[in-house]
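Take a look at the structure set out below.
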Amino acid sequence: KAGVTQTPRYLIKTRGQQVTLSCSPISGHRSVSWYQQTPGQGLQFLFEYFSETQRNKGNFPGRFSGRQFSNSRSEMNVSTLELGDSALYLCASSRDRQNEKLFFGSGTQLSVL
Amino acid sequence: GESVGLHLPTLSVQEGDNSIINCAYSNSASDYFIWYKQESGKGPQFIIDIRSNMDKRQGQRVTVLLNKTVKHLSLQIAATQPGDSAVYFCAENTEGYSTLTFGKGTMLLVSP
């Protein structure tokens, strides 16, 4: 069974630009979560989607958004990029039972110059 | 202002030793806990989980202990190997669904 796939693996952008990251969950998994990982803040929850609906949201500005498609694939978008948005963005999926482990992809490393 | 990087606690052990990594959590309503291992350049990898109705769970070479009284979680790794070198995160779930809150992590360094 293929794992969680994230594309692209690396991205370099400049301040003010926008970026879209993609995530394909494990087959059969309907819940997709996004996390931001930085050396300063660790792993922080961005949002979680289930059946194309955002079910939970972390404490991030509105520049961070996401969506989920009918095949459970998900994208997240960051608009008006800031230097502080440089981070590893991790996607995770689960089948969606209560209290269930998440399976993570390898992440997209975003550098904002 | 100048940003301060996260200083990860580090545990250095010799190959073959037993390792114990600790984690304190703050939410007494947390009912599910997970340990993840993250190697450089990779996403977190599931190691073992435990529900709040248990206080101990064993896997292959790993044991998780949960003390709800003092809100403490530990991961024990037996016969630690160089391949165990990584950052280890504990995570807790109180929301019912797929929202984990992660601890800051501990770096484990295993020398041959």
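In order, the protein sequence lines correspond to chains A and B.
Note that our numbering gives residue 37 to position 39 of the first sequence, counting from 1, and the numbers run on in steps of one.
Note that our numbering gives residue 71 to position 54 of the second sequence, counting from 1, and the numbers run on in steps of one.
We put the beta carbon where it would ideally sit given N, CA and C, even for glycine.
Problem set entry | Exposed unless 16 or more other CB atoms sit within 10 angstroms - verdict on B:G22 | Numbered from 1 along the second sequence, position 5 holds the residue referred to as residue 22 of chain B. Reliability of the predicted coordinates at B:G22 is poor, the pLDDT of 45 falling under 50, and the value obtained from them is presented with this limitation in mind. The residue is exposed, with fewer than 16 neighbouring Cβ atoms inside 10 Å.
Problem set entry | Residues near A:R13 by beta carbon distance below 7 Å, same chain, minus five either side | The count along the first sequence starts at 1 and reaches residue 13 of chain A at position 15. Hits under 7 Å: L79, E80, L81, V110.
Exercise. Beta-carbon of A:G40 versus every beta-carbon of chain B: anything under 8 Å?
Worked result: Within the first sequence, residue 40 of chain A is the residue found at index 42, counting from 1. In terms of beta-carbon proximity, A:G40 lines the interface with chain B, with at least one pair separated by less than 8 Å.
Problem set entry | Proximity to B:D48 [Cα-Cα], best of B:K121, B:R68, B:L92, B:V87 | To locate residue 48 of chain B, count along the second sequence from 1; it is residue 31. Cα-wise, what sits closest to B:D48 is B:R68.
Exercise. The beta strand (DSSP E) with A:Y8 in it runs from where to where?
Worked result: As a first step, residue 8 of chain A is located in the first sequence; it is residue number 10 there, counting from the start. Per DSSP, A:Y8 belongs to the beta strand (DSSP E) from 8 to 11.
Problem set entry | Partners in chain B for A:N69, counting only beta-carbon separations shorter than 8 Å | Stepping through the first sequence from its first residue, residue 69 of chain A is reached at position 71. Within 8 Å Cβ-Cβ: nothing; A:N69 doesn't reach chain B, min ~18 Å.
Exercise. Is it right to say B:S29 is buried, meaning 16 or more other beta carbons lie within 10 angstroms of its own, or is it exposed?
Worked result: Here the question's residue 29 of chain B lines up with position 12 in the second sequence. The residue is exposed, with fewer than 16 neighbouring Cβ atoms inside 10 Å.
Problem set entry | Beta carbon proximity, A:F102 to chain B, threshold 8 Å | The count along the first sequence starts at 1 and reaches residue 102 of chain A at position 104. At least one chain B Cβ lies under 8 Å of A:F102.
Exercise. Could one say the Cβ of B:T118 lies closer than 8 Å to chain A's Cβ atoms, at least one of them?
Worked result: The residue you call residue 118 of chain B lines up with position 101 of the second sequence. Chain A contact via Cβ: present.
Exercise. Using a beta-carbon distance below 8 Å, is A:N75 in contact with chain B?
Worked result: Numbered from its first residue, the first sequence carries residue 75 of chain A at position 77. Closer than 8 Å: no.
For this session: Could you spell out the range, first to last residue, of the beta strand (DSSP E) harbouring B:M131?
Result: With chain B represented from 18 up to 129, any question about residue 131 of chain B goes unanswered, as that position is not in the structure.
Exercise. Relative to the alpha-carbon of B:Y53, which residue among B:S36, B:F119, B:A41 has its alpha-carbon at the smallest distance?
Worked result: Against the second sequence, residue 53 of chain B aligns to sequence position 36. That would be B:F119, whose Cα lies nearest to the Cα of B:Y53.
Exercise. Taking buried to mean at least 16 other C-beta atoms within 10 Å of its own C-beta, is A:I10 buried or exposed?
Worked result: Position 12 of the first sequence, counting from 1, holds the residue named residue 10 of chain A. By the 10 Å Cβ count, A:I10 comes out exposed.
Problem set entry | Within-8 Å CB hit, B:K59 to chain A | Taking the first residue of the second sequence as 1, we reach residue 59 of chain B at position 42. Yes, because at least one Cβ of chain A sits closer than 8 Å to the Cβ of B:K59.
Exercise. A:G114 CB to nearest chain B CB: under 8 Å?
Worked result: The displayed coordinates of chain A run from -1 to 111. Any statement about residue 114 of chain A would go beyond what the structure contains.
Exercise. Alpha carbon to alpha carbon, what distance is there between B:L92 and A:Q16?
Worked result: Along the first sequence, one-based indexing puts residue 16 of chain A at 18. Along the second sequence, one-based indexing puts residue 92 of chain B at 75. If you draw a straight line from the Cα of A:Q16 to the Cα of B:L92, it comes to about 40 Å.
Exercise. Does the Cβ-Cβ distance between B:I51 and B:A95 come in under 8 Å?
Worked result: The residue given as residue 51 of chain B occupies position 34 in the second sequence. The residue given as residue 95 of chain B occupies position 78 in the second sequence. Going by C-beta atoms, B:I51 is not nearer than 8 Å to B:A95.
Exercise. Per DSSP, what kind of secondary structure is A:G82 in: helix, strand or coil?
Worked result: To locate residue 82 of chain A, count along the first sequence from 1; it is residue 84. The answer is helix: DSSP assigns A:G82 an H, G or I state.
Exercise. Is it buried or exposed for A:P122, if we count other Cβ within 10 angstroms and need 16 for buried?
Worked result: The displayed coordinates of chain A run from -1 to 111. Any statement about residue 122 of chain A would go beyond what the structure contains.
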